[in-house]
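Enquirer: My questions will all concern the structure given below.
Residue numbers (the numbering used here): 3 to 78.
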């Protein structure tokens, strides 16, 4: 399922992560020749890509975002 990029953050290693509208996060690395995303290396490039749709495999797998906690309701 495609989801728009709503912002960016960095992980503990300093790699850029796209924040998606669904609440999932996805690495957006520039590692030529394997992955070519030169836009991620500067602020203007990242800002220009806000709203861009990325495939979200976690949405395809019906996974909840990590920051959401599933809670059981009261049992009767």
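Glycine included, C-beta positions come from ideal geometry on N, C-alpha and C.
1. Check residue 67 in the structure and name its three-state DSSP category.
2. Would the segment 62 to 70 count as touching the segment 39 to 54 if we require 3 or more Cβ pairs under 8 Å?
3. Here's the rule: buried if 16 or more other CB atoms are within 10 angstroms of the residue's CB, otherwise exposed. What is residue 31?
4. Would you say residue 48 and residue 26 are within 8 Å of each other, going by their C-beta atoms?
5. What does a CB cutoff of less than 8 Å around residue 17 pick up in its chain, not counting 5 residues either side in sequence?
Expert: To lay it out plainly:
1. By one-based count along the chain shown, residue 67 stands at place 65. Three-state result, residue 67: coil.
2. Output reads no: the segment 39 to 54 does not touch the segment 62 to 70.
3. Counting from one through the chain shown, the residue named residue 31 turns up at place 29. When all chains shown are included, residue 31 counts as exposed.
4. Residue numbering aside, residue 48 sits at position 46 when the chain shown is read from its first letter. Residue numbering aside, residue 26 sits at position 24 when the chain shown is read from its first letter. Residue 48 places its beta carbon 8 Å or farther from that of residue 26.
5. Here the question's residue 17 lines up with position 15 in the chain shown. 29, 31.
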